[in-house]
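The block underneath contains the structure these notes are about, expressed in structure tokens.
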Amino acid sequence: KKYAFESYIVRRMFHGIKLNPCDVTELMSSDDPLDALTAFPDSAFSKFCGHKYLSVVHPSMEASFFGNLDTRGLVLLGKHPRTMFYRIFASMAKWVWVLGSFAASLDSKAKIFVVRRGARFSGVYMESVVGDEQGDSRVEFITMPGFKIGDS
1 KKYAFESYIV RRMFHGIKLN PCDVTELMSS DDPLDALTAF PDSAFSKFCG
51 HKYLSVVHPS MEASFFGNLD TRGLVLLGKH PRTMFYRIFA SMAKWVWVLG
101 SFAASLDSKA KIFVVRRGAR FSGVYMESVV GDEQGDSRVE FITMPGFKIG
151 DS
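Pasting the structure below:
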């Protein structure tokens with residue numbers, strides 16, 4: 001179950017992401033991504049973080065976690081709440097943002113790719129979450145997309 005949940009989060013975080021090289025110096029200079037979000041509330045990263053929160057954390061999920069939709073309400077207003085949950089979320093968003101920027105800085109034509117359900121498992125490009133299995137293994141879900149950079 002934990003891998004299925006991880007897969008859901010990763011799919012939502014990387015869905016529709018535009019790989020653009022950008023200066024991440026200010027973002028990386030802060031240990032706490034909420035400090036960067038507060039200092040640069042109109043930045044592309046700030047918009048990305050808010051958009052991804054609304055995409056990943058469904059209202060029913062938020063209500064189940066916290067008993068209310070207070071965080072969603074603040075994010076819809078363009079705010080970044082200083083809660084532990086949102087801090088952890090913003091930290092994850094920071095690394096997705098940095099990874100996308102890094103990939104694009106290596107190759108302006110870099111692309112994210114995912115393996116579809118039912119594809120043949122390849123130990124060269126994939127890691128199994130169920131251990132060593134013999135035979136014709138197939139992909140059920142991914143936990144992390146790959147990046148196509150150059151001809152690799």
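Under UniProt numbering, the residue at position 128 of the sequence shown is numbered 128, and the numbers go up by one with no gaps. For every residue, glycine included, the Cβ atom is placed at its ideal position computed from N, Cα and C.
Check whether the segment 95-106 and the segment 128-146 touch, using three or more Cβ-Cβ pairs below 8 Å as the test.
No, they do not touch.
Compare the beta carbon distance of V96 and M13 with 8 Å and say whether it is the shorter of the two.
yes
Assuming S7 contacts F141 (C-beta within less than 8 Å), just tell me the rounded distance between them.
The pair is a contact, with the Cβ atoms about 4 Å apart (cut-off 8 Å).
Between D35 and G73, what straight-line distance do the alpha-carbon atoms span, to the nearest angstrom?
20 Å
On the three-state DSSP scale, how would you describe K111?
strand
What are the boundary residues of the beta strand (DSSP E) that includes F147?
146-148
Hey, could you find the ends of the alpha helix (DSSP H) H51 is sitting in?
44-56
Can you give me the Cβ contacts of R82 inside the same chain, cut-off strictly under 7 Å, excluding the 5 residues immediately before and after it?
L34
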